[in-house]
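See below for the structure under consideration.
2 protein chains.
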Amino acid sequence: MKINVFIVDDHYMVIEGIRSLLQNEPGIEWMGHATNAVSCLAFLQNQLPDVILMDISLPDKSGIDLCREVKEKYSSVFIIGLSTFNQKSFIQKMMEGGASGYVLKNASQQELLEAIETIARGRTYFSNETAQTLRKNMETEIILTRREKEVLGLIAEGMTNNEVAQKLFISITTVDTHRKNLLEKFKTKNTASLIHIATQMKII
Amino acid sequence: MKINVFIVDDHYMVIEGIRSLLQNEPGIEWMGHATNAVSCLAFLQNQLPDVILMDISLPDKSGIDLCREVKEKYSSVFIIGLSTFNQKSFIQKMMEGGASGYVLKNASQQELLEAIETIARGRTYFSNETAQTLRKNMETEIILTRREKEVLGLIAEGMTNNEVAQKLFISITTVDTHRKNLLEKFKTKNTASLIHIATQMKII
DNA sequence: CCAAAAATCATGTAAAAAGGGGAGATCCAA
DNA sequence: TTGGATCTCCCCTTTTTACATGATTTTTGG
Numbered sequence: 027m028k029i030n031v032f033i034v035d036d037h038y039m040v041i042e043g044i045r046s047l048l049q050n051e052p053g054i055e056w057m058g059h060a061t062n063a064v065s066c067l068a069f070l071q072n073q074l075p076d077v078i079l080m081d082i083s084l085p086d087k088s089g090i091d092l093c094r095e096v097k098e099k100y101s102s103v104f105i106i107g108l109s110t111f112n113q114k115s116f117i118q119k120m121m122e123g124g125a126s127g128y129v130l131k132n133a134s135q136q137e138l139l140e141a142i143e144t145i146a147r148g149r150t151y152f153s154n155e156t157a158q159t160l161r162k163n164m165e166t167e168i169i170l171t172r173r174e175k176e177v178l179g180l181i182a183e184g185m186t187n188n189e190v191a192q193k194l195f196i197s198i199t200t201v202d203t204h205r206k207n208l209l210e211k212f213k214t215k216n217t218a219s220l221i222h223i224a225t226q227m228k229i230i
Numbered sequence: 027m028k029i030n031v032f033i034v035d036d037h038y039m040v041i042e043g044i045r046s047l048l049q050n051e052p053g054i055e056w057m058g059h060a061t062n063a064v065s066c067l068a069f070l071q072n073q074l075p076d077v078i079l080m081d082i083s084l085p086d087k088s089g090i091d092l093c094r095e096v097k098e099k100y101s102s103v104f105i106i107g108l109s110t111f112n113q114k115s116f117i118q119k120m121m122e123g124g125a126s127g128y129v130l131k132n133a134s135q136q137e138l139l140e141a142i143e144t145i146a147r148g149r150t151y152f153s154n155e156t157a158q159t160l161r162k163n164m165e166t167e168i169i170l171t172r173r174e175k176e177v178l179g180l181i182a183e184g185m186t187n188n189e190v191a192q193k194l195f196i197s198i199t200t201v202d203t204h205r206k207n208l209l210e211k212f213k214t215k216n217t218a219s220l221i222h223i224a225t226q227m228k229i230i
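Chains C and A, in that order, give the protein sequences.
According to my numbering, the first sequence is numbered sequentially starting from 27.
According to my numbering, the second sequence is numbered sequentially starting from 27.
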């Protein structure tokens, strides 16, 4: 029995690339593609693939959210995260959202096939580099609370504690506490490196 | 006469995607691909394409450097920058490196063809979004001096003025001056937003 | 419902950055 | 050779952060 594959990605070239890579594979049936979250969900109302290849960045919604949504509604589909970024925070989030694996866009045909076949069997798959990244950063994952993310974002925009406090209708000392906790979580000693790291990690 | 096209990109799927998009085009001859700068240069020693589609991020060398190098050696080839990032700094640098245009990876088949054909005729081409970005930021290009970049990098690492001064064997007040000038150039009012913007622009 | 996590607020001191203004030395290109 | 850009240095004041320590109130997940 063939594995029905669907892809969600806003990059035409990637869609074409994957289609081309999978076209002549006897074990795989290409069901089609979507370039955004909405049309993906629309498609799923009529047809259910076995495996969805899903980009983490989509125009209308993050792949992470879409992943969660799809898994809630259709728990039987298996999702493979797809991205050019080999970054822990994304992988982690995608997995939390219910993905079964993660493949980088520079994956070879073989790797891609392996991922699809492994995941269609209900197992998990990570491309080599990804697995490495996961292991390496597993213990250094930084989890922020909603409020901390909010404060961090405003600080990155150049706001002072005072301004953030006014914006969020809280005390300056509270903002200061959040800031301290952020410095603590990121193991940094000042705002400059905090913002630098957080920006690189695409948290802000 | 057919336009000979070559592609340099470390993402297999993108290569396949473009190949698939161009395969049945009568006016275009697919010459092959390279996944890194070295093999690209090796290829060019034997054969010279009319147009090279070049990713800005390659494993061994930045596309910007490769672009410059290729144009120096083979001034007759036209280069199209290829990227998922619609960011001014990249586009600008790629153009300075001698590229004739810039296309985003979510370009449609039509857009891609248009770009190749336009550029093969010696003209320049920008995808819609790209052109917009270019215009929008044309006047806001930020040029830093060597010393400023150096100081900026150290600040991003979490160093204080004092620490930077010791590291660079200069006075604290000098570092302070550089910092002030950086804030001025970036039109920011504190270090947090300075680092945020600079990091996003990949200056650090 | 209850414990844990998150968000809130406070006081006080020390350190660092922001903002303003001024100025000499060097190097490079027109 | 001269003017512009860059790098260097200094003083002073105010604002903002960093660090230490402690505590109360919501939220939230099991």
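Even glycine gets a Cβ: it sits at the ideal position worked out from N, Cα and C.
As the structure is a computational prediction, the values presented were derived from the model and not from experiment.
**Request:** Tell me, please, whether the CB atom of residue 216(A) is closer than 8 Å to any CB atom in chain C?
**Result:** yes
**Asked** Given that residue 110(A) touches chain C, what residues does it touch there, using C-beta distances under 8 Å?
**Response** 37, 110
**Request:** Quick one: list the residues of chain C neighbouring residue 184(A), beta-carbon separation under 7 Å, in chain order.
**Result:** 214, 215, 216, 218, 219
**Request:** Could you pull the start and end residues of the alpha helix (DSSP H) that residue 100(C) belongs to?
**Result:** Segment: none, residue 100(C) is in no alpha helix (DSSP H) and carries neither H nor E.
**Message:** Only counting the same chain, and skipping five residues up and downstream in sequence, which positions put a Cβ closer than 7 Å to that of residue 85(C)?
**Reply:** 36, 62
**Asked** What residues of chain C sit near residue 141(A), judged by a beta carbon separation below 7 Å?
**Response** What residue 141(A) touches in chain C: nothing, since even the nearest Cβ is about 12 Å away.
**Prompt:** When Cβ atoms are compared, which residues of the segment 33 to 66 of chain C fall closer than 9 Å to chain A?
**Reply:** 35, 36, 37, 38, 39, 40, 41, 42, 43, 44, 45, 46, 47, 49, 61
**Request:** Could you tell me which residues DSSP puts in a beta bridge with residue 29(C)?
**Result:** 54(C)
**Asked** On the premise that residue 142(A) lies in contact with residue 125(A), defined as a C-beta separation below 8 Å, what is that separation, rounded to the nearest angstrom?
**Response** Contact doesn't hold; Cβ gap of about 13 Å is too wide.
**Prompt:** So the alpha helix (DSSP H) residue 212(C) belongs to, where does it begin and stop?
**Reply:** 198 to 212
**Message:** So with CB distances below 8 Å, who are the chain C contacts of residue 133(A)?
**Reply:** 38, 39
**Request:** Identify every residue that forms a DSSP beta bridge with residue 80(C).
**Result:** 34(C), 107(C)
**Message:** For residue 15(A) and residue 45(A), what's the separation of their Cα atoms in angstroms?
**Reply:** The first residue shown for chain A is 27 and the last is 230, placing residue 15(A) beyond what the model contains.
**Item:** Those residues which DSSP pairs with residue 88(A) across a bridge
**Value:** 83(A)
**Asked** How long is the line joining the alpha carbons of residue 199(A) and residue 189(A), rounded to whole angstroms?
**Response** 12 Å
**Best match in 27(C), 41(C), 150(C), 147(C) for proximity to residue 134(A) [C-alpha to C-alpha]** = 41(C)
**Request:** Look at the alpha carbon of residue 148(A) and the alpha carbon of residue 137(A), and state the distance between them as a whole number of angstroms.
**Result:** 17 Å
**Request:** Excluding the 5 residues preceding and the 5 following residue 77(A) in the sequence, name in chain order all residues of the same chain whose CB lies nearer than 8 Å to its CB.
**Result:** 29, 30, 31, 32, 103, 104, 105, 106, 142, 145, 146
**Request:** Quickly, what does DSSP pair residue 152(C) with across the bridge? List them, please.
**Result:** 128(C)
**Item:** Contact under 8 Å by Cβ, residue 121(A) with residue 82(A)
**Value:** no
**Request:** Measure from the C-beta of residue 200(A) to each C-beta in chain C and report whether the shortest distance is under 8 Å.
**Result:** no
**Short Cβ contact (8 Å threshold) for residue 108(A) with residue 79(A)** = yes
**Item:** residue 165(A) to residue 70(C) span [Cα, whole Å]
**Value:** Low per-residue confidence applies at residue 165(A): pLDDT is 48, beneath 50, and the placement is therefore not dependable, though the value from the model is reported in the following sentence. Cα to Cα, the separation comes out at about 46 Å.
**Prompt:** With C-beta atoms as the reference, is residue 184(A) less than 8 Å away from residue 215(C)?
**Reply:** yes
**Asked** Between residue 197(A) and the ligand SAH, is the CB less than 7 Å from at least one heavy atom?
**Response** For the structure depicted, the ligand SAH is absent and the ligand set is empty, with no information on it obtainable.
**Prompt:** At least one CB of chain C closer than 8 Å to the CB of residue 230(A): is that the case?
**Reply:** yes
**Prompt:** Rounded to a whole number of angstroms, what is the C-alpha to C-alpha distance between residue 204(C) and residue 220(A)?
**Reply:** 21 Å
**Request:** Taking only beta-carbon positions, decide if residue 168(A) is within less than 8 Å of chain C.
**Result:** no
**Item:** Proximity test, Cβ basis, 8 Å: residue 222(C) and chain A
**Value:** yes
**Asked** Are residue 110(C) and residue 131(C) close, meaning C-beta to C-beta below 8 Å?
**Response** yes
**Request:** With a 10 Å radius around its C-beta and 16 neighbouring C-beta atoms as the bar for buried, classify residue 217(C) as buried or exposed.
**Result:** buried
**Request:** Could you tell me which residues DSSP puts in a beta bridge with residue 60(A)?
**Result:** 34(A)
**Item:** 8 Å Cβ cutoff, residue 73(A) in contact with chain C
**Value:** no
**Asked** How is the alpha helix (DSSP H) around residue 187(C) delimited, first residue to last?
**Response** 187 to 194
**Three-state secondary structure assigned by DSSP to residue 215(A)** = coil
**Message:** Counting only beta-carbon separations shorter than 8 Å, does residue 206(A) have a partner in chain C?
**Reply:** no
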